[in-house]
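Student: If you want the working numbering, it's the position in the sequence shown, counting the first as 1, plus 139.
Glycine is no exception: its CB is placed at the ideal position from the N, C-alpha and C atoms.
Dropping a structure here in structure tokens format, bear with me for questions.
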Amino acid sequence: MSGMRATGQLHIGHYLGVLKNWIRLQHEYDCYFAVADWHMLTTGSDKTDPLRDNTRDIVLDWLAAGVDPNKATIYVQSAVLETAELFLLLSMITPVNWMQRDPTLKDMIRDLKMAEDTVGHGLLGYPALQTADILGVMGDLVPVGRDQVAHIEISRDIARRFNHLYGVDYFPEPRPLLTDTPVVVGVDGRKMSKSYGNDIKLADGPEQVQSKIMASVTDPARIKKTDFGHPEVCAVYAMWEMLGREKAPEVAELCRKAEIGCVQDKKALAAHINEILAPMQERRRELATNPGMLEDIIASGNAKARATTRETVERVREIMKLNRFSESGKPVFGA
Ligand code: TRP
């Protein structure tokens with residue numbers, strides 16, 4: 140099970156850091172992939188204007204990248220109301236200080252420059268909501284980016300605590316799964332992130348890719364083309380290592396010997412990236428012409444995720460010995 144917040148267009152970092160694993164795992168596991176629209180509210184409850192379009196766009200990005208709706212269940216978090224119930228119940232057994240210690244939450248609060256008194260109850264509960272997503276479908280492997288690992292550790296703790304408190308062996312203890320490029324470098328050499336403005340979107344056309352790569356930073360000590368380069372300090376080379384591992388050693392060699400200039404190198408990288416993106420963009424254009432198909436994919440994913448999560452929640456109610464009601468709403472007392 141995994142998910143992404145619906146906050147806008149995906150970039151190469153999402154692809155290399157997360158989606159590659161989704162695409163691989165869908166052949167081996169019963170996968171559930173959610174658009175986490177409730178999670179988006181934890182920091183953007185006043186910025187919902189683009190939410191519906193973002194939801195469509197992110198699913199299009201997933202499909203274009205190779206997530207196969209015939210193999211994996213693609214759904215929208217908020218269509219599974221049972222997740223909210225599970226979130227509430229799990230919240231009862233989750234100590235507040237587990238959340239307060241979560242380094243990823245601390246980073247989010249710092250990066251968004253949030254004053255402490257603006258951190259909402261919902262944001263504090265972020266890892267518990269994520270846990271409800273995962274445990275609702277009995278997820279054990281969670282393919283995510285490195286920033287999510289701290290959350291998944293809390294999910295493990297919550298699952299373990301539930302099992303311990305109620306003396307059951309019900310919930311799996313979810314484990315995070317990273318790709319071989321868990322941290323993707325952007326055009327300025329920092330971690331690729333929309334908020335740093337250093338990302339290359341999966342939807343960027345050839346000119347956009349070219350101009351972003353042309354503006355990227357190389358070895359600052361290499362002023363003239365005849366200067367020997369140092370690939371290890373160059374953002375362009377870092378991108379070669381991530382995106383064109385088979386070509387990287389040759390590029391490094393040419394750069395060190397000053398046999399290739401930065402401009403030429405950048406052009407080659409841009410062309411290479413465009414080759415990777417072109418088939419995705421082609422698929423995306425095709426998919427976008429058939430909105431009914433997209434709606435059907437999400438509808439059937441929603442139904443499946445909902446049925447699975449409902450089963451989980453019903454079992455949890457039993458395990459926790461909560462009140463039961465008959466079809467007509469009458470309480471069923473006693474053990
Ligand atoms: N927090 C994740 C992110 O920001 C999104 C997410 C929501 C998620 N629910 C999840 C990831 C469940 C893994 C499992 O990308």
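(1) Using a threshold of 7 Å, is the CB atom of Ala173 nearer than that to any non-hydrogen atom of ligand 1?
(2) Report the rounded CA-to-CA distance for Ile213 versus Tyr171, giving the unit in angstroms.
(3) Beta-carbon within less than 7 Å of Leu408's beta-carbon, same chain only, minus the 5 sequence neighbours each way: which residues are those?
(4) Exposed or buried, Asp338, counting other C-beta atoms within 10 Å across all chains shown (16 or more means buried)?
(5) Compare the C-alpha of His411 against each of Pro282, Val390, Pro189 and name the closest.
(6) Given Ala354, which residues of its chain have a CB within under 7 Å of its CB, disregarding the five upstream and five downstream residues?
(7) Hey, how far is the Cα of Gly84 from the Cα of Lys405?
(8) Just confirm the distance between the C-beta atoms of Ala267 and Ser230, as a whole number of angstroms; I'd bet it's less than 8 Å.
(9) Kindly confirm or deny that the stretch 436-454 and the stretch 221-230 touch, where touching means at least three C-beta pairs closer than 8 Å.
(10) If we ignore side chains and look at the alpha-carbon of each, how far apart do Ala427 and Arg384 end up?
(11) Please indicate yes or no: does the CB of Arg144 lie closer than 7 Å to some heavy atom of ligand 1?
(12) Between Leu155 and Asp176, is the Cβ-Cβ spacing less than 8 Å?
(13) Compare the C-alpha of Leu280 against each of His290, His153, Glu312 and name the closest.
(14) Is it the case that the CB of Met489 approaches a heavy atom of ligand 1 more closely than 7 Å?
(15) Please report the residue range of the beta strand (DSSP E) in which Val174 lies.
(16) Count the CB pairs spanning the stretch 147-162 and the stretch 238-249 that are closer than 8 Å, and state whether there are at least three.
(17) Is the closest heavy atom of ligand 1 to the C-beta of Ser467 under 7 Å?
(18) Per the DSSP calculation, Met143 is bridged to which residue(s)?
(19) For ligand 1, I want to know if Gln269 counts as a neighbour, meaning its beta carbon is within less than 7 Å of at least one of the ligand's heavy atoms.
(20) For Thr181 versus Gly261, is the C-beta spacing smaller than 8 Å?
Tutor: Quick look at the numbers:
(1) Proximity of the beta carbon of Ala173 to ligand 1 is indicated: a heavy atom of the ligand is located closer than 7 Å.
(2) Here the alpha carbons of Tyr171 and Ile213 stand approximately 6 Å from one another.
(3) So the qualifying residues of the chain are Ile352, Val375, Met378, Trp379.
(4) When all chains shown are included, Asp338 counts as buried.
(5) His411 has its Cα closest to that of Val390, out of Pro282, Val390, Pro189.
(6) Around Ala354: Val326.
(7) Since the first residue of the chain shown is 140 and the last is 474, residue 84 is not available in this structure.
(8) Indeed, because the Cβ distance is near 5 Å, the residues count as touching under 8 Å.
(9) Judged by Cβ distances under 8 Å, the stretch 436-454 makes contact with the stretch 221-230, as three or more pairs qualify.
(10) Between Ala427 and Arg384, the C-alpha separation is close to 32 Å.
(11) Checking the Cβ of Arg144 against ligand 1 gives yes.
(12) Contact flag unset, no.
(13) Comparing Cα-Cα distances from Leu280 to each of His290, His153, Glu312, the minimum goes to Glu312.
(14) Coverage of the chain is limited to positions 140 through 474, which leaves residue 489 absent and any answer about it impossible.
(15) Element bounds for Val174: 171-175.
(16) With the cut-off at 8 Å, the stretch 147-162 and the stretch 238-249 do not touch.
(17) No, the beta carbon of Ser467 sits no closer than 7 Å to any heavy atom of ligand 1.
(18) Met143 is bridged to Val174.
(19) For ligand 1, at least one heavy atom lies less than 7 Å from the Cβ of Gln269.
(20) Result yes, Cβ atoms of Thr181 and Gly261 sit closer than 8 Å.
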